[in-house]
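Top line first, the protein sequences correspond to chains A and B.
Note that the first sequence ends on residue 212 in my numbering; no numbers are left out.
Note that the second sequence ends on residue 96 in my numbering; no numbers are left out.
Built from N, CA and C at the ideal position, the CB exists for glycine as well.
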Amino acid sequence: EAGVTQSPTHLIKTRGQQATLRCSPISGHTSVYWYQQALGLGLQFLLWYDEGEERNRGNFPPRFSGRQFPNYSSELNVNALELEDSALYLCASSPRSGMVSYEQYFGPGTRLTVT
Amino acid sequence: RKEVEQDPGPFNVPEGATVAFNCTYSNSASQSFFWYRQDCRKEPKLLMSVYSSGNEDGRFTAQLNRASQYISLLIRDSKLSDSATYLCVVNLNTGGFKTIFGAGTRLFVKA
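Dropping the structure here:
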């Protein structure tokens, strides 16, 4: 069974540009989560999508946004990039939400570098 | 106070040693608990869920103490390949589902 996939693996942008990151969940999973992990720091929750709807978001500014498509894949958009947005962006998926006992499975991440 | 707290370590242990990590959480409404391991510059991988009755998977044992609001992970007979960062994860639903990751505990197992 294929795991969570993310693209691109690496992304280099300049300050002020926009970045788009993509995630495909495990087949059968409807929930997708996005996290930011800056170098040497813990995972910070960004966004949670389920059944095409944004269900929750972390303490990030509105320039971090995303969406979930009918096939449950998801996109994270970061507008007006700042240097401190440089981080590993991880996507995770889990079976249908509403059950907090479900584990999350992570993709390999997209490493975003803002110069 | 952080919602999920872990000792950052590092824990330096010889091969074959037994090592234990604790993790405390602040919200009594926390509902499910997990341990993940993360290797350097890689994604977190699920190690095990943690149940109230405690659970074991080979050399790994996880325990949950709801009264004291902590979970633990015990690794027996440490291997070099156990060297990683171990993340404590808590799920809760307080008007909205939320997942909180601890900052992790670093483990180095040496020959």
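The beta carbons of B/V4 and B/I60 sit closer together than 7 angstroms.
Between the beta-carbon of B/C8 and that of B/G87 there is about 5 angstroms, and that keeps the pair under the 8 angstroms contact cut. With fewer than 16 neighbouring CB atoms inside 10 Å of its own CB, A/H107 falls in the exposed class. In the three-state reduction of the DSSP assignment, A/E181 falls in the helix class, which pools H, G and I. When B/L65, B/L77, B/L72 are compared, the shortest CA-CA separation from B/T90 is found for B/L72.
A direct Cα-to-Cα measurement between A/L173 and A/D182 gives close to 13 angstroms. Distance from the CA of A/R152 to the CA of A/Y146, rounded to the nearest whole angstrom, comes to 6 angstroms. Residue range 107 to 110 is occupied by the beta strand (DSSP E) that includes A/H107. A/P205 places its beta carbon less than 7 angstroms from that of A/Q103.
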